[in-house]
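**Student:** So the number in my numbering is just where the residue sits in the sequence shown, counting from 1, plus 25. Using N, Cα and C, we set each Cβ at its ideal position, and we do this for glycine too. This is the structure, below, for whatever I ask next.
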Amino acid sequence: MNIGDRVRVLHGKEEGVIRKVSAGGRIEVEIEDGFVIPVLKSEVVLVAEAEKSYFGEAHNPSQEIETPMPISAPKDQGLYLAFLPINDQNLSLYLINDSRQAYLAHTSEVYGTNHRTLYAGTLGAGEAKKIDDRLLKELDEWPSFLLRFIAIQPKLEKAIPAFERQFKLKATQFFKHLSKAPLLGKNVYLFALEQTTKELDIRGLNAELNQLSAASPPPTKVQTPASSIDLHIEAIHPKPDSLSNSEKLRIQLEVFEKNLNQAIASGMDQITFIHGIGNGVLRKEIHKRLSQIGNISYFQDTQKDQWGYGATLVKIS
Numbered sequence: 026m027n028i029g030d031r032v033r034v035l036h037g038k039e040e041g042v043i044r045k046v047s048a049g050g051r052i053e054v055e056i057e058d059g060f061v062i063p064v065l066k067s068e069v070v071l072v073a074e075a076e077k078s079y080f081g082e083a084h085n086p087s088q089e090i091e092t093p094m095p096i097s098a099p100k101d102q103g104l105y106l107a108f109l110p111i112n113d114q115n116l117s118l119y120l121i122n123d124s125r126q127a128y129l130a131h132t133s134e135v136y137g138t139n140h141r142t143l144y145a146g147t148l149g150a151g152e153a154k155k156i157d158d159r160l161l162k163e164l165d166e167w168p169s170f171l172l173r174f175i176a177i178q179p180k181l182e183k184a185i186p187a188f189e190r191q192f193k194l195k196a197t198q199f200f201k202h203l204s205k206a207p208l209l210g211k212n213v214y215l216f217a218l219e220q221t222t223k224e225l226d227i228r229g230l231n232a233e234l235n236q237l238s239a240a241s242p243p244p245t246k247v248q249t250p251a252s253s254i255d256l257h258i259e260a261i262h263p264k265p266d267s268l269s270n271s272e273k274l275r276i277q278l279e280v281f282e283k284n285l286n287q288a289i290a291s292g293m294d295q296i297t298f299i300h301g302i303g304n305g306v307l308r309k310e311i312h313k314r315l316s317q318i319g320n321i322s323y324f325q326d327t328q329k330d331q332w333g334y335g336a337t338l339v340k341i342s
């Protein structure tokens with residue numbers, strides 16, 4: 026740490042700039058209201074450049090109240106999800122197994138009822154594997170991550186229960202997790218995967234499903250949607266001007282998925298989604314999700330005389 030570096034106090038809400046570095050690991054930090062406070066180097070953490078570029082200089086995370094996600098893990102497991110900064114814009118995503126136990130690991134992105142697998146395979150003891158890349162500027166649009174682990178036990182011994190964890194990252198949580206990664210030995214945004222996880226109780230789940238089946242009324246008939254669905258935000262929300270761009274996109278994708286699922290469940294052969302041209306983000310996201318669904322024969326731009334490239338025909342198999 027050097028004079029001029031911006032730091033945050035670990036066990037408090039203060040944030041400021043280093044004004045003096047003294048012997049014995051003590052520094053003086055000028056905080057927001059102009060006061061200078063003495064602290065030990067071990068009690069502060071540098072505010073990452075990536076955080077400043079994402080939020081801007083005026084952002085103060087201490088003003089936001091959120092329950093932080095755990096950043097430490099039990100010593101007998103040590104499974105982590107890590108985001109390694111490559112530069113101010115790019116991150117590499119790693120699975121880290123800092124333990125003596127090997128696992129079968131499955132990591133996927135969750136888009137509503139659809140999943141996209143990022144990694145499926147063996148994660149050996151003391152192994153770190155790169156599984157994907159991410160753009161920092163798209164953090165708010167990252168889907169939820171679902172991670173599942175099954176212990177590999179070649180010897181006859183007490184069974185280690187399988188477990189899973191699903192979570193959605195938020196910027197105000199994400200930047201609080203800067204830490205040195207096990208095995209990688211580099212500063213990353215680190216998330217432990219054991220704490221607050223729930224073991225997969227297969228028998229209990231089966232019993233619960235049987236009870237729900239016995240108590241459930243006969244299934245209702247799935248509503249068949251219209252053959253053409255208008256996704257323009259003005260057509261699906263009463264107050265579009267009150268929404269941010271990310272909120273508009275989320276609502277449009279929810280309507281898209283709802284109608285697509287209904288079309289598939291009700292046995293429709295095809296359905297058309299009118300998304301408009303705009304900046305192309307909605308069209309790109311719809312085409313991305315359609316390409317990940319198995320029972321779609323094909324999809325293509327349609328009604329070009331009326332909508333240009335602003336409508337997509339989906340052929341259902």
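Which class does residue 27 belong to by DSSP, given the choice of helix, strand or coil?
**Tutor:** As a first step, residue 27 must be located in the sequence shown, where it is residue number 2. Reduced to three states, the DSSP call for residue 27 is coil.
**Student:** Measuring CB atoms only, is the segment 142-152 touching the segment 160-167, in the sense that at least three cross pairs come out at less than 8 Å?
**Tutor:** Touching, no, given that fewer than three Cβ pairs across the two stretches are closer than 8 Å.
**Student:** In chain order, what residues of the same chain have a beta carbon less than 6 Å from the beta carbon of residue 282, not counting five sequence neighbours either side?
**Tutor:** The residue you call residue 282 lines up with position 257 of the sequence shown. Taken in chain order, the residues that qualify are 137.
**Student:** Considering only residues of the same chain and omitting the five flanking positions on each side of residue 151, which have a CB-CB separation below 8 Å?
**Tutor:** Walking along the sequence shown from the start, residue 151 turns up at place 126. Cβ within range, chain order: 122, 123, 124, 125 and 208.
**Student:** Taking the beta carbon of residue 133 as the centre, do at least 16 other beta carbons fall within 10 Å, making it buried, or is it exposed?
**Tutor:** The count along the sequence shown starts at 1 and reaches residue 133 at position 108. That one is buried.
**Student:** Which residue's Cα is closest to the Cα of residue 197: 214, 191 and 182?
**Tutor:** Within the sequence shown, residue 197 is the residue found at index 172, counting from 1. Considering only alpha carbons, the answer is 214.
**Student:** On the DSSP letters alone, give me the boundaries of the beta strand (DSSP E) that residue 260 sits inside.
**Tutor:** Against the sequence shown, residue 260 aligns to sequence position 235. Premise fails: residue 260 lies in the alpha helix (DSSP H), 258-261, not in any beta strand (DSSP E).
**Student:** Could you please give me the residues that DSSP links to residue 62 through a beta bridge?
**Tutor:** Within the sequence shown, the letter at position 37 stands for residue 62. Answer by DSSP bridge pairing, in chain order: 54.
**Student:** Please work out which residues of its chain come closer than 8 Å, Cβ to Cβ, to residue 305, disregarding the five sequence neighbours upstream and downstream, and give them in chain order.
**Tutor:** For the purposes of this step, residue 305 is identified with residue 280 of the sequence shown, where counting begins at 1. Within the same chain, residue 305 has no close Cβ partners at all.
**Student:** Could you check which residue in 286, 302 and 301 has the C-alpha nearest to that of residue 295?
**Tutor:** Here residue 295 refers to the residue found at position 270 when the sequence shown is read from its first residue. Of 286, 302 and 301, the residue nearest in Cα terms is 286.
**Student:** Which residues in the same chain as residue 325 place their Cβ atom closer than 6 Å to its Cβ, once the five residues preceding and following it in sequence are excluded?
**Tutor:** Mapped onto the sequence shown, residue 325 falls at position 300. Excluding sequence neighbours, residue 325 sits near 338.
**Student:** Quick one: Cα of residue 155 to Cα of residue 174, how far?
**Tutor:** The residue given as residue 155 occupies position 130 in the sequence shown. The residue given as residue 174 occupies position 149 in the sequence shown. When rounded, the distance between both Cα atoms is 17 Å.
**Student:** Taking only the alpha-carbon atoms, compute the straight-line gap between residue 327 and residue 262 and give it to the nearest angstrom.
**Tutor:** Indexing the sequence shown from 1 puts residue 327 at position 302. Indexing the sequence shown from 1 puts residue 262 at position 237. Rounded to whole angstroms, residue 327 to residue 262 spans 24 Å at the Cα level.
**Student:** Based on DSSP bridge pairs, tell me the residues matched to residue 142.
**Tutor:** Taking the sequence shown and counting its residues from 1, the one referred to as residue 142 is at position 117. In the DSSP output, where bridge partners are listed per residue, residue 142 has 133.
**Student:** Kindly indicate which three-state DSSP category residue 337 falls into: helix, strand or coil?
**Tutor:** Taking the sequence shown and counting its residues from 1, the one referred to as residue 337 is at position 312. Strand at residue 337.
**Student:** Let me make sure I understand the geometry here. Which of 31, 32 and 257 has the alpha-carbon closest to that of residue 336?
**Tutor:** As a first step, residue 336 must be located in the sequence shown, where it is residue number 311. Nearest C-alpha to residue 336: 257.
**Student:** What are the boundary residues of the beta strand (DSSP E) that residue 69 is part of?
**Tutor:** Here residue 69 corresponds to residue number 44 of the sequence shown, with the count starting at 1. Residue 69 -> beta strand (DSSP E) spans 69-71.
**Student:** Quick check on DSSP: helix, strand or coil for residue 208?
**Tutor:** As a first step, residue 208 is located in the sequence shown; it is residue number 183 there, counting from the start. In the structure shown, residue 208 sits in coil (DSSP, three-state: anything other than H, G, I, E or B).
**Student:** Could you compute how far the alpha carbon of residue 203 sits from the alpha carbon of residue 110?
**Tutor:** To locate residue 203, count along the sequence shown from 1; it is residue 178. To locate residue 110, count along the sequence shown from 1; it is residue 85. Each residue's alpha carbon lies about 10 Å from the other.
**Student:** Rounded to whole angstroms, how far is the Cβ of residue 71 from the Cβ of residue 115, which I believe are closer than 8 Å?
**Tutor:** If you number the sequence shown from 1, residue 71 lands on position 46. If you number the sequence shown from 1, residue 115 lands on position 90. Their Cβ separation, rounded to whole angstroms, is 20 Å, which puts residue 71 and residue 115 out of contact at 8 Å.
**Student:** Going by the beta-carbon positions, is the gap between residue 63 and residue 51 smaller than 7 Å?
**Tutor:** For the purposes of this step, residue 63 is identified with residue 38 of the sequence shown, where counting begins at 1. For the purposes of this step, residue 51 is identified with residue 26 of the sequence shown, where counting begins at 1. Yes, these two residues count as a Cβ contact at 7 Å.
**Student:** Quick one: Cα of residue 298 to Cα of residue 276, how far?
**Tutor:** On the sequence shown, residue 298 is found 273 positions in, with the first residue counted as 1. On the sequence shown, residue 276 is found 251 positions in, with the first residue counted as 1. Each residue's Cα considered, the two are about 14 Å apart.
**Student:** Taking 7 Å as the threshold (C-beta atoms), are residue 128 and residue 106 in contact?
**Tutor:** Mapped onto the sequence shown, residue 106 falls at position 81. Mapped onto the sequence shown, residue 128 falls at position 103. No, they are not a contact pair.
**Student:** Nearest-angstrom Cα distance between residue 205 and residue 182?
**Tutor:** Taking the sequence shown and counting its residues from 1, one reaches residue 205 at position 180. Taking the sequence shown and counting its residues from 1, one reaches residue 182 at position 157. Approximately 33 Å, taken between the alpha carbons.
**Student:** Count the other CB atoms within 10 Å of the CB of residue 27; is the residue buried (16 or more) or exposed (fewer)?
**Tutor:** Walking along the sequence shown from the start, residue 27 turns up at place 2. With fewer than 16 other Cβ atoms within 10 Å, it is exposed.
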